[in-house]
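So the sequence shown is numbered by our numbering: it starts at 5 and just counts up by one.
Ideal Cβ placement from N, Cα and C applies to all residues, glycine included.
A short worksheet on the structure shown next.
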Amino acid sequence: MNVQSNRGFLKTVDVALIGVFSAMWIVLHLYFGPLGFQLLHLPIFCDISAFLTLIIAVWIIGKFGGASTIGIIGSLIVLGIRSAPFQIGFLVSAIIFDVLCLAIRHKPLKGTINVLALSLFTIISAYIAGIIIGVLFMTGGVYWALTFWGGWHAFGGLLSVIIALPIIGALEKAGVRTLKGET
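Following this line, the structure appears as structure tokens:
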């Protein structure tokens, strides 16, 4: 696969990681997201399913195209299995997230500014997912999607960052980056 990024092409290990994180996206969206929706009637767990996956993927893959590909593969498979058209909102938000991460060169933990930018990118992307889903698939109307539904998605994005950062810290301590020949 020859997808060029800001640090070269996606390598075999990157493609393998895309497969792993696509599977993570699918499993979380099929089980964790609906559980939260049934318990709370809110999309927070759906956002965590998407953005926890994408944040960790951006950290480990570190190249443009990884998060987009995960969002596309994961959303289309979930859409095929569950017939969940709202996945279109998450698919679009994954691409937006990947594009926004170009501003930090897909290095989310390189300094405080990058961590803050990652947080902002996640919240923005989740908010956009909420707007798309609210306008296209919910019955609340545009104002409702821009305020209530988008707001809850943004909150889910923030929770994703809060959950992902300690996980990445633990993975860093465990030396997971050595899988890619990085230290």
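Using only alpha-carbon positions, find the residue among ALA174, ALA71, THR151, ILE117 that is nearest to ALA20.
-> ALA71
Taking DSSP as the reference, what is the three-state secondary structure of GLY12?
-> strand
C-alpha distance - HIS157 paired with SER97, whole-angstrom precision = 11 Å
Would you kindly work out how many angstroms separate the C-alpha atoms of GLN8 and ASP102, rounded to a whole number?
-> Only weak support is given to the placement of GLN8: the predicted model assigns it a pLDDT of 47, under 50, and the value that follows is read from those uncertain coordinates. Approximately 13 Å between the Cα atoms of the pair.
Where the alpha helix (DSSP H) containing LYS177 begins and where it ends | 154-177
ILE108 and ALA121: beta carbons closer than 8 Å?
-> yes
Along the chain, where does the alpha helix (DSSP H) that runs through VAL180 open and close?
-> Neither: VAL180 is in no alpha helix (DSSP H) and is coded neither H nor E.
Nearest-angstrom Cα separation, counted from LEU44 out to GLY179 = Cα-Cα distance, rounded: 36 Å.
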